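*Asks:* I'd like to ask some things about the structure below.
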Amino acid sequence: MAKKQAFTPVVQNVNFPEMEKKLLAEWQERGIVNKYLHRNDASAKRFSFLDGPITANNPMGVHHAWGRSFKDLWQRFFNMRGYKGRFQNGFDCQGLWVEVEVEKELGIRNKKDIENLVPGDRKASIAKFVELCKTRVLKYSAIQTEQSKRLGYFMDWDNSYYTMSDENNYMIWHFLKTCHEKGWIYKGRDSVPWCPRCQTAISQHEMLTEDYKEVTHKAIYFELPIIGREREFLLVWTTTPWTLPANIAVAVDATFDYALVEDTSGDRFWIAKDLVAKVFGKDYKQIVKTVKGKELVGLKYRGPFDDLPAATKVAKEHPDTFHTVIATDPTILLVTTTEGTGLVHTAVSAGTEDFRLGKKYGLPMIPVIADNADYLSGLGFLTGKNAKKHPEIILDYLAEQDKKSDKDWVFLIENYTHRYPACWRCKTELVWKVADEWYIAMDKPEKQGTGDRGQEGKTLREQMMETAKMIEWHPAFGLERELDWLKNMHDWLISKPNRYWGLALPIYECKSCGWFDVVGSHEELKQRAVNGWEAFDGHTPHKPYIDEVKIKCGTCGRLVHRLDDVGNVWLDAGIVPFSTYVDPKTKKLSYTTDKSYWKQWFPADFITESFPGQFKNWFYSMIAMATVLEKTNPFKTLLGYSTMVDEKGEPFHKSKGNAIEFIDGADAFGADVIRWVCAKHEITSNIQFGKNVADETRRKFHLLLWNVYNFFVTYANVDGFQPSTNSKFKTQSSNILDTWILSKLSQLVETATTSLEKYDAMTASLRIESFATDLSQWYVRRSRDRVGPTTDDSPDKYGCYATLHEV
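First residue of the sequence shown: 56, per our numbering; consecutive thereafter.
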């Protein structure tokens, strides 16, 4: 008579991805996820996890699995230990990453196309574009939700937060209002990184290391004749010839030695002494003399574009400073002798350091490019031509002038390969242009009467550095990196001109008298609205409807409309420690009501995100906002990790053909294999992932475990092992193998628990792998002759089955 089988038979050649899909369907049918999420609802213990929002703009790549695996791992770990959680996923919704993709779908080339989507109706066009951005967000957030479920990621998917929500946007208004009350919001003019394709400023936060491309540009050594000195020139070098029409000064280091080198033709050139051999080699007649840089300060020179109307105007208005040699301030612009000539072309309107040096010395400037990088009027033959698309026009002009006259401007043109910044979203090379933008001041003392005792008079930078030190950083060097960023970063550029889909900055500026104010809430705007409220009421706080509202100037009484700009995208994600806690009882945002529900979860116990970029972005913005609003840390523990790249160590890029969509990876390798690769990896080094890595992981771990399980199920069914009646044999077994493996299991539970408490997944995972090897290659291999139909029923046989069932 056949014995009753307690276990569903399994096959030896398993298809893990198909098995995962069946299990997911079973979980759905039985409501497993919902039961899991609410198992600790009555618990007094809390584990507050705060999700860094994934951008809802495209399907997930396989690289997203690292962070989402970590997030799931620790939420499950604390859930198993009886802690109540919120399990709230986040979606990042606004900004260029969505806008650019919508533009691609529509075939849009520039902002004029956006504003003419509905021919002749700018407002309707912007409304249509904004609505298309919202639609894209909802489309891809739904796709990412299903992909995350395929990963086995347990979250309260019906309660995800969206950074485009009213709660999120209005909470940022409250933050900005608070900054204004503390005296930190200001309008400033600077030469800022600028994307000519997106036609907007790029903040320091957005200039990520990975967005610097290695490119080859034409570099030029050019000659500037010194006024009053026959055949004597300043030899200057630049890698951005398009900025030459903006030249105002040449900077030297007052302490460096500079040599006057006479070439074989009799012309003489000033150059840093340490660079003579590099630039001239042995092809010169003599070094006439050597002087300190300070001796060159004050020299006047002629430039190749002095006859252009814009240059002529500046020269006439500022004769003392136009085309003058100045001594640099090394804290602003560092002159080096590693490359170039030691004389730095200073274009005040076309470089951040140039602008700040010019500001220090009161230098004038020649603005040269428009928002799309076309040369402006007043630049003669250059006007209307694009500085970046046609950089050769400058070099060609200089070469042509050399042929036409006795003036030699070009000393040498060469190819120069260097890392150059590109727009983080559209990958267009950046330019620098002068723009009036809005900032949060980092070094202005907090206004008296607006801070807690002990904080008044301190700058935001100082306060943020104190906040960063309250956080436990994993790995520990994270704190050092964050402090280094906080120490050296500029004021926070919060405005994004010429864009449409994003936070409507609640800054109202009077163009007549210069007064400005920041509106801090929906209620305040309604109260202060003089007209336009009816047109806005009922809409989300986005363009174009928010722009209908006008308030009264607090000084001259004129009607004032909102600043046209949208906000820096990292304002959106940085506010989530305050904007995402909606009280389930009142259905209202807790932070702006009684705060009782919010206080149960703030500060978050744990966040985890990839390190690259986030020191400048999400970590920074949360620290800033929590410092301003609460003078404390927004989270207690941060776990950072590196980046997933391909098996050759190259970044994943669709253009390279090496990108792996998450769903393709899950269907090919199995989600559990991907998760395990992430869990066992050292967080400070990149994961090199691909088919070979996945296959090896599956073979060494997943198949090994599966073979153990297959052995157990097969023979337990043959022998009719019943856990409900035969488990007693586990405790009665006298076989040392049973005692040994159960002892190893106990040690593993202790080690894994301790490691996970320390947010160390790698140690826990590697110990589990080691245990799996012991189980397969030692315990099972040496227990085969204890079980099966050829052995007698005995306590030893059932002790083996009971032990394996326990394991």
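Just so it is clear, CB atoms sit at the ideal spot from N, CA and C, and this is done for glycine as well. The structure presented is a predicted model; accordingly, all values stated were derived computationally and were not measured.
1) May I ask you to list the residues that DSSP assigns as paired with P296?
2) When DSSP builds the beta bridges, which residues end up paired with K355?
3) Taking all protein chains shown into account, do 16 or more other C-beta atoms lie within 10 angstroms of the C-beta of D16, making it buried, or fewer, making it exposed?
4) Enumerate in chain order the residues of its own chain whose CB-to-CB distance from F142 is below 6 Å, with the five nearest sequence positions on each side excluded.
5) Skipping 5 residues on each side, what residues in its chain have a beta carbon closer than 6 Å to that of A659?
6) Start and end of the alpha helix (DSSP H) containing V624?
7) Residues in the same chain with beta-carbon distance under 6 Å from T63, minus the five sequence neighbours each way, listed in chain order, please.
8) Along the chain, which unbroken stretches of the beta strand (DSSP E) at least 3 residues long are found entirely within the region 263-351?
9) What does the Cβ neighbour count give for K126, buried or exposed, with the cut at 16 atoms within 10 Å?
10) I'd like the list of long-range same chain contacts for T438, defined as Cβ closer than 7 Å, with 5 residues on each side in sequence excluded.
11) So I742 is in the beta strand (DSSP E); what residue range does that whole segment cover?
12) Quick check on DSSP: helix, strand or coil for E394?
13) E537 to D546, Cα distance in whole Å?
14) Take the Cβ of S320 as the centre, count every other Cβ of all protein chains shown within 10 Å, and call the residue buried at 16 or more, exposed below.
15) Within 10 angstroms of its Cβ, does A99 collect 16 or more other Cβ (buried), or is it exposed?
16) Which runs of the alpha helix (DSSP H) at least 4 residues long sit entirely within the region 703-788? Give them in chain order.
17) How about A314 and V291: are their beta carbons less than 8 Å apart?
18) Taking the beta strand (DSSP E) that Y494 falls in, what are its first and last residues?
19) Look at the Cβ atom of S406, then the Cβ atom of T514, and state whether they are nearer than 8 Å.
20) I31: which of M420, A365, G843 and V334 sits nearest, CA to CA?
21) What is the DSSP secondary structure of F125, counted as helix, strand or coil?
22) CA-CA distance, P296 and F277?
23) Note the first and the last residue of the continuous beta strand (DSSP E) segment covering W833.
24) Give the DSSP bridge partners of E527, in chain order.
25) Helix, strand or coil for N89? Go by DSSP, reduced to three states.
26) Return the CA-CA distance between T818 and L760, expressed in angstroms with no decimal places.
27) Within its chain, find whatever has a CB closer than 8 Å to the CB of E716; leave out the 5 residues flanking it on each side and keep chain order.
28) Bridge partners of V604, per DSSP?
29) Do P476 and D266 have their CB atoms nearer than 8 Å?
30) Between the C-alpha atoms of A496 and I240, what's the straight-line distance to the nearest angstrom?
31) Whose CA, out of A734, G238 and N741, lies closest to the CA of E705?
32) Please go through the same chain and pick out, in chain order, the residues whose beta-carbon is closer than 6 Å to the beta-carbon of N214, but skip the five residues on each side of it.
33) Using the Cα positions of V369 and K414, report the straight-line distance between them to the nearest angstrom.
34) Using CA coordinates, which residue listed in K524, E535, P422 and E812 is at the minimum distance from A490?
35) What is the DSSP secondary structure of E469, counted as helix, strand or coil?
36) For K237, does the three-state DSSP call read helix, strand or coil?
*Replies:* Based on what the coordinates show:
1) DSSP, once it has assigned bridges, lists no residue as partnering P296.
2) Looking at the DSSP output, K355 bridges to T379.
3) Lying outside 56 to 862, the shown extent of the chain, residue 16 is not represented and no answer is given.
4) Here the set comprises L92, M210 and D211.
5) S103, L105 and F690, listed in sequence order.
6) Per DSSP, V624 belongs to the alpha helix (DSSP H) from V624 to G629.
7) No residues qualify anywhere along the chain.
8) Runs of the beta strand (DSSP E) lying entirely within the region 263-351, each at least 3 residues long, are 267-280, 287-293, 304-307, 312-317, 323-327 and 341-347 in chain order.
9) Burial of K126 is indicated by the presence of at least 16 other C-beta atoms within 10 angstroms of its C-beta.
10) Within the same chain, T438 has close Cβ partners Y430, L431 and S432.
11) Element bounds for I742: I742 to F744.
12) The answer is coil: DSSP assigns E394 none of H, G, I, E or B.
13) Taking the straight line from one Cα to the other gives about 16 Å.
14) That one is exposed.
15) By the Cβ-count criterion, A99 is exposed, with fewer than 16 other Cβ atoms from all chains shown falling within 10 Å of its own Cβ.
16) Those alpha helix (DSSP H) runs which fall completely within the region 703-788 and span 4+ residues are 717-724, 726-734, 746-752, 758-773, 778-781 and 783-787.
17) The answer is no: Cβ separation not under 8 Å.
18) Membership of Y494 in the beta strand (DSSP E) is indicated by the continuous run V486 to I495.
19) A small correction: the amino acid at residue 406 is Gly; Ser does not occupy that position in the sequence shown. By the CB criterion at 8 Å, G406 and T514 fall outside the cutoff.
20) This structure cannot speak to residue 31, because the chain is shown only from 56 to 862.
21) F125: helix per DSSP, three-state reduction.
22) Whole-angstrom Cα-Cα distance: 10 Å.
23) Premise fails: W833 is in no beta strand (DSSP E) and is neither H nor E.
24) According to DSSP, which records beta bridges pairwise, E527 is partnered with T692.
25) In the structure shown, N89 sits in a helix (DSSP, three-state: H, G or I).
26) If you draw a straight line from the Cα of T818 to the Cα of L760, it is about 19 Å long.
27) So the list reads P114, M115, G116 and V117, once near-sequence residues are dropped.
28) Looking at the DSSP assignment, V604 forms no beta bridge with any residue, so it has no partner.
29) Yes.
30) C-alpha separation (whole angstroms): 6 Å.
31) Ranking the options by Cα distance to E705, first place goes to N741.
32) Closer than 6 Å at the Cβ level, and outside the excluded window around N214, lie Q143.
33) C-alpha of V369 to C-alpha of K414: approximately 16 Å in a straight line.
34) Taking each of K524, E535, P422 and E812 in turn and checking the Cα distance to A490, the smallest one comes out for P422.
35) Three-state DSSP puts E469 in a strand.
36) Of the three classes helix, strand and coil, the one that applies to K237 here is coil, per DSSP.
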